[in-house]
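Here is the structure we will look at.
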Amino acid sequence: MKSIENNFDNPEVNELLTKHFIELRSVSPEGSTHVLDIPGLKEKGIKFWSLWNNNKLIGCGALKFLTNEHGEFKSIRVSDKFRGKGYGSKIIEHLIFKAKSLEVKKISVETGAGNFFSPARKLFNKFGFKKCDPFAHYQDDPNSCYFSLDI
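Just so we're aligned, residue 103 is where the sequence shown starts under our numbering, counting upward by one.
Structure, rendered in structure tokens:
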């Protein structure tokens, strides 16, 4: 498995991110959608990686720096053909590895509270993320769940 940083112009990566954005917008109530579009992922202070296996896109994820030592995971997505095969865990492992190499000490994440987001919540729990209060710019929202992990 290899990772490539900031390859938004790759057609497969672009398609995956566009699908991610559209789908999350469609399942989240207005005002409770925190997904970043491609221009948002290109902002300074965000690192983005796509993960590949034999030139096939597995998925992607991003790390947004909240401070030098506190990051937020964004845009974690597994390609449809790799879903249900444990690749979500591989993406989280990769993002944690990258965060540690960038001297991040704490990772936080926001995800939805609805049934659609149940696999994401299970994945974060598997890695030891604990429920926490809203962080950074987030507010209390019954449609969101917040997690953090000290690394």
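A virtual CB, placed ideally from N, CA and C, is assigned to each residue, including glycine.
On a predicted model such as this, the values are computed, not experimentally measured, just so you know.
- Measuring C-alpha to C-alpha distances from residue 167 to each of 235, 208, 243, 234 identifies 208 as the nearest.
- Around the Cβ of residue 199, a 10 Å sphere holds fewer than 16 other Cβ atoms; the residue is exposed.
- In this model, residue 193 and residue 150 are separated by some 12 Å (Cα to Cα).
- Minimum Cα-Cα distance from residue 105 among the listed residues 197, 111, 216, 252 corresponds to 197.
- Residue 109 has its alpha-carbon roughly 31 Å from the corresponding atom of residue 217.
- The Cβ neighbour count for residue 213, taken over all protein chains shown within 10 Å, is at least 16; the residue is labelled buried.
- Annotation: the continuous alpha helix (DSSP H) that includes residue 140 extends over 140-143.
- Rounded to whole angstroms, the gap between the alpha carbons of residue 163 and residue 133 is 23 Å.
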